[in-house]
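First comes the structure, then the notes that go with it.
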Ligand code: PHE
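Numbering (our numbering), first residue to last: 6 to 459.
Take a look at the structure:
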């Protein structure tokens with residue numbers, strides 16, 4: 006087997022490239038598909054307020070911690086811990102990250118496959134003149150099928166693997182740079198159409214008027230899980246990406262920019278969806294189906310809807326792709342650097358095994374619907390385990406590792422790029438990662454799974 010040579014590691018080229026790639030990882034189905042439906046299931050405004058609080062108090066610090074660890078170690082998620090803490094058990098966090106990547110990509114590719122079907126449906130003008138009910142049936146029938154959803158999922162995984170094989174600079178960075186800004190523009194156009202629909206104000210009320218009585222016991226953990234999922238933190242994706250960032254870049258501003266971009270896109274997606282949800286009489290708690298049932302109605306009601314719909318789903322597919330490559334990269338970097346596999350072979354082995362699990366997740370909406378564990382189907386179980394369990398646990402250990410093991414002197418050196426940048430808030434940051442974030446995450450987690458009652 007080819008031995009990995011650390012002097013030949015790939016890296017990101019430009020400053021904008023780093024931000025685009027990390028934002029490309031963060032911005033994806035998590036913002037446009039998952040955020041609206043999870044917010045909808047948890048009653049809207051109050052949930053979003055808690056979500057925003059978590060993004061600022063926990064999300065940014067965890068993201069900055071991941072960048073710091075990755076750039077310091079210049080290794081994959083697993084190898085970074087081995088390198089910075091040799092002969093300890095810290096590498097287990099890296100291993101948890103690799104497992105989380107496996108689980109996330111398996112169900113992520115299901116939804117990415119749905120997106121590809123919707124590109125096809127847009128292209129064939131299938132939404133034209135359909136009522137909201139007919140559009141719902143259209144989605145339900147497709148989702149419950151076997152052949153088509155799996156075919157699209159396979160297609161998506163092939164695309165993901167293909168870009169990952171191409172490598173960091175020529176693959177990931179190149180695509181992210183062009184396509185992300187176009188997506189933002191298109192969502193803004195959708196927002197304008199949505200807020201001028203008759204009855205839009207009900208949707209905006211739902212989004213922005215906090216009503217804390219609508220939260221259930223699980224809501225707070227869901228908000229935390231959504232924050233982790235959406236920012237791509239807690240499993241070493243951004244440790245891996247951090248390891249490709251060169252020493253001259255400012256990690257703090259990168260983390261803040263990426264978080265801001267991710268959050269703005271999620272909120273804008275909510276603004277596009279909820280006015281339409283109420284205008285077309287869809288239930289806000291419709292779950293994972295929400296955007297696929299809602300958006301076609303909006304497209305139908307706007308001039309040039311055919312093209313908007315087509316471009317929108319293409320860009321959503323691309324956003325999913327720039328995220329899925331970052332998930333696959335975690336596994337591939339581990340296989341290459343720790344197990345000495347060639348990049349191409351590592352990618353194929355990872356993609357094939359993830360797809361095998363992913364097929365089960367896709368079929369759990371159809372023929373395997375009756376396989377239930379704690380009332381969850383396979384898809385829901387994989388999603389819950391990854392987002393609400395693995396990522397928060399990973400997050401705790403990542404910040405604890407940085408705060409307690411690596412220590413302030415190392416942190417300062419890395420965050421200031423050896424004195425090139427100022428780090429005015431370093432004391433606050435160290436306080437958050439040593440105390441506030443781990444305690445807060447642990448409490449939310451234990452409360453959410455019912456081990457702790459307030
Ligand atoms: N953040 C991505 C999204 O919002 C999903 C993701 C999760 C990517 C975890 C990497 C790691 O779609």
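Ideal Cβ placement from N, Cα and C applies to all residues, glycine included.
Three-state class that DSSP yields for residue i in the structure shown
| i | result |
| --- | --- |
| residue 436 | helix |
| residue 378 | strand |
| residue 90 | coil |
| residue 307 | coil |
| residue 10 | coil |
| residue 460 | One cannot answer for residue 460 here, as it falls past the ends of the chain, which runs 6 to 459. |
| residue 214 | coil |
| residue 370 | coil |
| residue 95 | coil |
| residue 17 | coil |
| residue 262 | helix |
| residue 287 | coil |
| residue 302 | helix |
| residue 428 | coil |
| residue 36 | helix |
| residue 331 | helix |
| residue 254 | coil |
| residue 423 | coil |
| residue 448 | helix |
| residue 522 | Outside the displayed span of the chain (6 to 459) sits residue 522, for which this structure offers no information. |
Close Cβ partners of residue i (< 7 Å) along its chain, the five nearest in sequence each way excluded
| i | result |
| --- | --- |
| residue 159 | 360 |
| residue 383 | 365, 366, 369, 373 and 376 |
| residue 43 | 227 and 231 |
| residue 264 | 60, 64, 65, 68 and 236 |
Straight-line Cα distance separating residue j from residue i
| i | j | result |
| --- | --- | --- |
| residue 133 | residue 58 | 41 Å |
| residue 117 | residue 165 | 11 Å |
| residue 395 | residue 306 | 41 Å |
| residue 423 | residue 260 | 18 Å |
| residue 26 | residue 236 | 12 Å |
| residue 385 | residue 292 | 11 Å |
| residue 362 | residue 74 | 30 Å |
| residue 334 | residue 290 | 33 Å |
| residue 252 | residue 283 | 49 Å |
| residue 316 | residue 296 | 15 Å |
| residue 110 | residue 30 | 12 Å |
| residue 371 | residue 380 | 16 Å |
| residue 270 | residue 279 | 14 Å |
| residue 229 | residue 188 | 25 Å |
| residue 417 | residue 55 | 30 Å |
| residue 71 | residue 204 | 43 Å |
| residue 310 | residue 137 | 16 Å |
| residue 87 | residue 245 | 14 Å |
| residue 213 | residue 53 | 8 Å |
| residue 398 | residue 40 | 21 Å |
| residue 131 | residue 328 | 28 Å |
| residue 431 | residue 100 | 29 Å |
| residue 428 | residue 414 | 12 Å |
| residue 454 | residue 223 | 8 Å |
| residue 294 | residue 300 | 11 Å |
Same chain, Cβ closer than 8 Å to residue i, neighbours up to 5 away in sequence not counted
| i | result |
| --- | --- |
| residue 122 | 147, 153, 154 and 157 |
| residue 69 | 256, 257, 260, 420 and 434 |
| residue 325 | 33, 34, 113, 116, 117, 120 and 161 |
| residue 28 | 181, 185, 262, 263, 266 and 267 |
| residue 458 | 452 |
| residue 298 | 137, 140, 141, 144, 287 and 291 |
| residue 444 | none |
Own chain, CB closer than 6 Å to residue i, minus 5 neighbours either side, in chain order
| i | result |
| --- | --- |
| residue 323 | 184 |
| residue 84 | 342 and 343 |
| residue 46 | 290 |
Heavy atom of the ligand NAD within 7 Å of residue i beta-carbon
| i | result |
| --- | --- |
| residue 386 | With respect to the ligand NAD, the structure shown offers nothing to examine, as its ligands consist of the ligand PHE. |
Any chain B beta carbon closer than 8 Å to residue i
| i | result |
| --- | --- |
| residue 442 | Note that chain B does not occur in the displayed structure, where there is just one protein chain. |
request  = When you get a sec, list the residues whose CB is within less than 6 Å of any heavy atom of the ligand PHE, chain order please.
outcome  = 30, 31, 33, 34, 35, 36, 109, 234, 235, 237, 240, 242, 328, 331 and 332
key: Three-pair Cβ contact test at 8 Å for the region 440 to 454 versus the region 96 to 116   = no
message = So, does the region 136 to 145 touch the region 339 to 351, judging by three or more C-beta pairs under 8 Å?
response = The answer is no - the region 339 to 351 does not touch the region 136 to 145, with fewer than three Cβ pairs under 8 Å.
task = Mind the definition here: the region 80 to 90 touches the region 214 to 225 only if three or more C-beta pairs lie below 8 Å; say whether that holds.
result = no
message = Quick test of the definition: if touching needs 3 or more C-beta pairs under 8 Å, does the region 14 to 23 touch the region 194 to 211?
response = With the cut-off at 8 Å, the region 14 to 23 and the region 194 to 211 do not touch.
ask   = Are the region 301 to 321 and the region 334 to 344 touching, with three or more C-beta to C-beta distances below 8 Å?
value = No, because fewer than three Cβ pairs between the region 301 to 321 and the region 334 to 344 fall closer than 8 Å, the two stretches do not touch.
inquiry  = Tell me whether the region 438 to 447 and the region 402 to 416 touch, counting them as touching only if at least three CB pairs, one residue from each stretch, are closer than 8 Å.
reply    = yes
message = Would the region 270 to 277 count as touching the region 197 to 213 if we require 3 or more Cβ pairs under 8 Å?
response = yes
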